[in-house]
Amino acid sequence: MKKEVVAMLLAGGQGSRLGELTRKKAKPAVTFGGKYKIIDFSMSNCVNSGIDTIGVLTQYQPLLLNKHIGIGIPWDLDKKNGGVSVLTPHLKGDSGEWYTGTANAIFQHMSYIESYNPEYLLIISGDHVYKMDYSLMIDFHKSKNACATVAAIKVTYEEAKGFGTIICDDDYKIKAFEEKPKIPKSTFASMGVYVFSWQKLKTALIKDRDIHNDSDFGKHIIPNMLEEGCNLYAYYFDRYWKDVGTIESYFNANMELAQTLPEFNLYENFWNIYTDSENQSPTYTSEDSIIQGSIVSEGCEIYGEVYNSIISPDVIIEKGAVIRNSIIMQKCVIKKDVIIENAILDFGVMVGDGAKIGAFENIPNKQKPSVYYSGITVLGEDSVVPKGIVIGKNCVVSGTTFFEDYENGELQSGESLIKEEATI
Amino acid sequence: MKAIGVILAGGNNHRLESLTTISGRAVAAMPIGSGYRAIDFPLSSMSNSDINKIAVIVQFNSSSLYDHLSSSKWWNLGRKRGGLFIFSPYSSNYENPIYRGTANAMYQNLKFFQRSNHEYVIISSGDAIYKMDFNDLIKYHKNKENDITIVYKKTEDGEDIRKFGVISIDEDENITDIEEKPLKTDSRNISLGIYIIERKLLIELLETANKENRHDFVNDIIIRYRKVLKLGGFKFDGYWSTLNSVNAYYKTNMDFLKKDIRYFFTKEYPYISTKTRDEPPVKYNRDAIVKNSIVSGGSIIDGTVENSVIFSNVYVGQNVTVKNSILMSGSYISNDNILENVILDKNVKTKESLILKGEENNPVIVGKDHIFY
Chain A
6 MKKEVVAMLL AGGQGSRLGE LTRKKAKPAV TFGGKYKIID FSMSNCVNSG
56 IDTIGVLTQY QPLLLNKHIG IGIPWDLDKK NGGVSVLTPH LKGDSGEWYT
106 GTANAIFQHM SYIESYNPEY LLIISGDHVY KMDYSLMIDF HKSKNACATV
156 AAIKVTYEEA KGFGTIICDD DYKIKAFEEK PKIPKSTFAS MGVYVFSWQK
206 LKTALIKDRD IHNDSDFGKH IIPNMLEEGC NLYAYYFDRY WKDVGTIESY
256 FNANMELAQT LPEFNLYENF WNIYTDSENQ SPTYTSEDSI IQGSIVSEGC
306 EIYGEVYNSI ISPDVIIEKG AVIRNSIIMQ KCVIKKDVII ENAILDFGVM
356 VGDGAKIGAF ENIPNKQKPS VYYSGITVLG EDSVVPKGIV IGKNCVVSGT
406 TFFEDYENGE LQSGESLIKE EATI
Chain B
-16 MKAIGVILAG GNNHRLESLT TISGRAVAAM PIGSGYRAID FPLSSMSNSD
34 INKIAVIVQF NSSSLYDHLS SSKWWNLGRK RGGLFIFSPY SSNYENPIYR
84 GTANAMYQNL KFFQRSNHEY VIISSGDAIY KMDFNDLIKY HKNKENDITI
134 VYKKTEDGED IRKFGVISID EDENITDIEE KPLKTDSRNI SLGIYIIERK
184 LLIELLETAN KENRHDFVND IIIRYRKVLK LGGFKFDGYW STLNSVNAYY
234 KTNMDFLKKD IRYFFTKEYP YISTKTRDEP PVKYNRDAIV KNSIVSGGSI
284 IDGTVENSVI FSNVYVGQNV TVKNSILMSG SYISNDNILE NVILDKNVKT
334 KESLILKGEE NNPVIVGKDH IFY
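Protein chains in written order, with this note's numbering: chain A, 6 to 429; chain B, -16 to 356.
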């Protein structure tokens, strides 16, 4: 069965700067915008762009991601020809290895791609929040008769240091490409979205395999193609695109969605973001509740007050509880009179009566100051905070905690309380 | 997998007035509880009871149901074995394409029953709101060795039950009498329009009825054979409501504001399933006030909503007050409106400063796609 376009979605990254949020799940499986997972944006972009053959490459903590994707029902990808395939690193004969780089990961699944004999290969990642019509980029690629087309955004000079930067002419033909330059010569940055003419890429992958063990698109494949004089083009994407790679950027990008007119519009009619909606029940708000400047997903029961917050499906917020500037994920239960400010609660968290989260002064986390510095406290999935506890800023709490785990019922700002489960 | 299911969703019903007639909607397709359609309840009850071969019989305004049932996968019925069958009247050389009654509708699709090897058939109306485990019914029917078991409910004293089928029952739960819409009755037991019958017996009865030119399942089979067959009752104590009037429709929706009823349908496993649309979360803007209401995905609230049922993709504008109302999907309420005791059908758009007030038992109904200029 031939497919003109096959998409390979790289979903194996950890996203370590998301700290506790990605300790037990890959970044693409992190909740975003209440009911979505980060991977939903790329997956939905594919199907909305008419691409129905997607290989999803997982590696780091894949369980949640695998369950989420399943056979692709939410994206109508449960198909006889094409559809979604979850691709994992595997043993081959007497060898086998983990993915050592982005291009290496694609190389390892060459037989999957070959089985569809595509003209073009679209490479995307499951780490970003954006709406993009890939078919327009593929049209651009065709019209330029390119070997490879790299989607690019404009960033600031400082940001450019963390990206692959592109120098191109007026026709968007790439002249130079630098991966994470110390002194950027351009602020035109690669989004990690590529269209390749498959035969060209195939040759390059096989060749690079013998040179670099950790074959990577930004570091090796793109620079090599340039060197060999291939036709490389940049495709300028000037719409909303967010990496949400740090606690702070993740938090802010979520918060923007609750604004009256957010830059990123989830309410458009013709570019739906699809996800695995377990339960379709409505959200109830009681006589005593106040919800303002917030988005609330289905199946919630709100008896307390919610301001400037993002609430995922099936959350219960009891009477007297007040939530401000926070992200509360699936199936959290916030008991009576709890006060939560500037916090991220991963799914299934239970906060006991009268507890307070986000108290005290703003001191960076002692163990991981580079991850938790913006005042946001993170409660890991399924953690439990007993009643009456007061937790400060930049704290991390994980697991079922008891009163005696806290000093005088308090966790000072910048402290971490990680209770490991007995089993792995 | 002892039983197959039949959902009767074809009735022509003027009792819901313009909500069905003008809107071109079958009663079974009526929006319920902010995110569901009436047929989701019997359909989910069947599918959750491991009944995986289900026929939905449609006739009037069937397109509303075709749309909702366009994929059977939401009810776990997209299977190689079994599945969801939708039967509407079709032309043949001999007959007008019309179902002349519920028995005739099943008779015209007799092959569905003949080509099954399940022991029983469970028949339900498509416009009742309930959740039931049919495995209990099957077990009960078998133990009592009934020919037909009718699910019934005991109503409160004083409730007007003249619109229902009324059954009399002895201590042993045998049905001693059954009357359709009696003018006067001593019994408080109403039939819920849910039946179980052995498949082979049903085929036989349908064939006989057809020969005699009789076409109604209740009158021409159940009532006619009440002295010949062993009819038993199965008492159902759970929530049950049928959409037989505008007030009943209004009340059923408002029932979802009650915690116990809402939890029963939406939080207690197994859940009621419906067509998945993946609407974005509800957005409550800075000045929103939403009290004692349910709201469904894709809606954006700027104003005040109280004691109301809001379906998906509704916009409630600034300085708006919505009270005791039902706003179906796609309603757009312009700024400075006051809406009380109204039912807005789908995609109604109001103009600024509109005031629309109904009475407590007499809501104002605005038809589908209406635009106030």
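In this text, a Cβ means the ideal position worked out from N, Cα and C, and glycines have one as well.
Worksheet item: Quick check: the segment 346 to 356 of chain A against the segment 322 to 335 of chain A, are there 3 or more CB pairs under 8 Å?
Response: Yes: at least three Cβ pairs fall under 8 Å.
Item to complete: Spell out a yes or no on whether the segment 237 to 253 of chain A and the segment 174 to 186 of chain A are touching, meaning 3 or more CB-CB pairs, one atom from each, closer than 8 Å.
Response: Yes: the two stretches touch, three or more of their Cβ pairs being nearer than 8 Å.
Worksheet item: Name the chain A residues that come within less than 9 Å of residue 271 of chain B, Cβ to Cβ?
Response: Those are 295, 296, 297, 298, 299, listed as they occur along chain A.
Discussion item. Does the structure place the segment 364 to 375 of chain A close enough to the segment 405 to 413 of chain A that three or more beta carbon pairs sit under 8 Å?
Written reply: No, the segment 405 to 413 of chain A is not in contact with the segment 364 to 375 of chain A.
Discussion item. Between which two residues does the alpha helix (DSSP H) holding residue 205 of chain A run?
Written reply: 203 to 216 is the extent of the alpha helix (DSSP H) around residue 205 of chain A.
Discussion item. What ranges does the alpha helix (DSSP H) occupy inside the segment 235 to 315 of chain A, keeping only unbroken runs of at least 4 residues that lie completely in it?
Written reply: Complete alpha helix (DSSP H) runs here, min 4: 252 to 261.
Worksheet entry | Any chain B beta carbon closer than 9 Å to residue 429 of chain A | Any reading at residue 429 of chain A needs caution, since the residue's pLDDT is 44, under 50, leaving its predicted position unreliable; the model's value is listed next. No Cβ of chain B is located within less than 9 Å of the beta carbon of residue 429 of chain A.
Practice prompt. Identify which residue in A:368, A:378, A:341 has its Cα closest to the Cα of residue 390 of chain A.
Written response: Ranking A:368, A:378, A:341 by Cα distance to residue 390 of chain A puts A:341 first.
Practice prompt. Quick one: using the 10 Å Cβ neighbour count with 16 as the cut-off for buried, is residue 245 of chain B buried or exposed?
Written response: The C-beta of residue 245 of chain B has 16 or more other C-beta atoms within 10 Å across all chains shown, which makes the residue buried.
Fill in: Neighbourhood of residue 223 of chain A by C-beta, 6 Å cutoff - its chain only, sequence neighbours within 5 removed
Around residue 223 of chain A: 169, 184.
Discussion item. So that I know if they touch, is there some Cβ in chain A lying closer than 9 Å to that of residue 263 of chain B?
Written reply: Yes, residue 263 of chain B lies at the interface with chain A (some Cβ there is under 9 Å from its Cβ).
Worksheet item: Of all the CB atoms in chain B, is at least one closer than 9 Å to the CB of residue 290 of chain A?
Response: Cβ-Cβ to chain B under 9 Å: yes for residue 290 of chain A.
Worksheet item: In chain A, what lies closer than 7 Å to residue 275 of chain B by C-beta?
Response: Against residue 275 of chain B, the close residues of chain A are 291, 292, in the order they occur along the chain (beta-carbon pairs closer than 7 Å).
Discussion item. Beta-carbon within less than 7 Å of residue 273 of chain B's beta-carbon, same chain only, minus the 5 sequence neighbours each way: which residues are those?
Written reply: Cβ neighbours of residue 273 of chain B beyond the five flanking positions: 267, 284, 288.
Worksheet item: Should residue 353 of chain A be flagged as near chain B, meaning a C-beta pair shorter than 9 Å?
Response: No - not a single Cβ of chain B is within 9 Å of the one on residue 353 of chain A.
Item to complete: Could you tell me which chain B residues have their CB closer than 7 Å to the CB of residue 285 of chain A, listed as they occur along the chain?
Response: Going along chain B in sequence order, the residues near residue 285 of chain A (Cβ under 7 Å) are 18, 257, 259.
Worksheet item: For residue 163 of chain A, which of helix, strand or coil comes out of DSSP?
Response: If DSSP states are grouped into helix, strand and coil, residue 163 of chain A belongs with the helices.
Worksheet item: Going straight from the alpha carbon of residue 326 of chain B to that of residue 85 of chain B, what length do you get?
Response: Residue 326 of chain B and residue 85 of chain B: Cα-Cα distance of roughly 30 Å.
Practice prompt. Work out the CA separation of residue 140 of chain B and residue 189 of chain B for me, nearest whole Å.
Written response: Residue 189 of chain B and residue 140 of chain B have their alpha carbons spaced roughly 36 Å apart.
Practice prompt. Have a look at the DSSP bridge pairing and note the partners of residue 274 of chain B.
Written response: Bridge partners of residue 274 of chain B: B:289.
Item to complete: Please go through the same chain and pick out, in chain order, the residues whose beta-carbon is closer than 6 Å to the beta-carbon of residue 313 of chain B, but skip the five residues on each side of it.
Response: Correct list, in chain order: 296, 329, 330.
Worksheet item: Counting along the chain, where does the beta strand (DSSP E) carrying residue 217 of chain B start and finish?
Response: For residue 217 of chain B, the enclosing beta strand (DSSP E) covers residues 214 to 218.
Worksheet item: Going along the segment 63 to 80 of chain A in order, which residues come within less than 9 Å of chain B, judged by CB to CB distance?
Response: Against chain B - using a Cβ distance shorter than 9 Å - the residues of the segment 63 to 80 of chain A are 78, 79.
Worksheet item: What three-state label does DSSP hand residue 345 of chain B in the structure shown?
Response: If DSSP states are grouped into helix, strand and coil, residue 345 of chain B belongs with the strands.
Worksheet entry | is_contact[residue 40 of chain A, chain B] using C-beta, thresh 9 Å | Cβ-Cβ to chain B under 9 Å: yes for residue 40 of chain A.
Discussion item. Whole angstroms are fine: how far does the CA of residue 362 of chain A sit from the CA of residue 322 of chain A?
Written reply: Computed Cα separation, rounded: 14 Å.
Worksheet item: From what residue to what residue does the beta strand (DSSP E) around residue 13 of chain A run?
Response: Residue 13 of chain A -> beta strand (DSSP E) spans 10 to 15.
Worksheet item: Is the segment 417 to 427 of chain A close to the segment 397 to 405 of chain A, with three or more CB pairs under 8 Å?
Response: Pairwise C-beta distances place the segment 417 to 427 of chain A in contact with the segment 397 to 405 of chain A, as three or more of them are shorter than 8 Å.
Item to complete: With 7 Å as the limit, tell me which residues of the segment 284 to 309 of chain B have their beta carbon closer than that to any beta carbon of chain A; keep them in chain order.
Response: Listed in sequence order: no entries.
Discussion item. How far does the beta strand (DSSP E) with residue 70 of chain B in it extend, from its first residue to its last?
Written reply: Start and end: 66 to 70.
Fill in: the segment 214 to 221 of chain A / the segment 90 to 97 of chain A touching (three or more Cβ pairs under 8 Å)
Short answer: they don't touch.
Practice prompt. Output the distance between the C-alpha atoms of residue 335 of chain B and residue 304 of chain B, rounded to the nearest integer angstrom.
Written response: Between residue 335 of chain B and residue 304 of chain B, the alpha-carbon positions lie close to 12 Å from each other.
Fill in: Whole-number beta carbon distance between residue 296 of chain A and residue 271 of chain B, since they are thought to touch under 8 Å
Contact holds; Cβ gap of about 6 Å.
Worksheet entry | Interface flag, residue 252 of chain A vs chain B, CB-CB below 9 Å | Not one beta carbon of chain B lies nearer than 9 Å to the beta carbon of residue 252 of chain A.
Discussion item. Tell me whether the segment 255 to 263 of chain B and the segment 7 to 23 of chain B touch, counting them as touching only if at least three CB pairs, one residue from each stretch, are closer than 8 Å.
Written reply: At 8 Å Cβ cutoff, the stretches touch.
Discussion item. Suppose you measure from the CA of residue 402 of chain A to the CA of residue 124 of chain A; what does that come to, to the nearest Å?
Written reply: One C-alpha to the other measures close to 49 Å.
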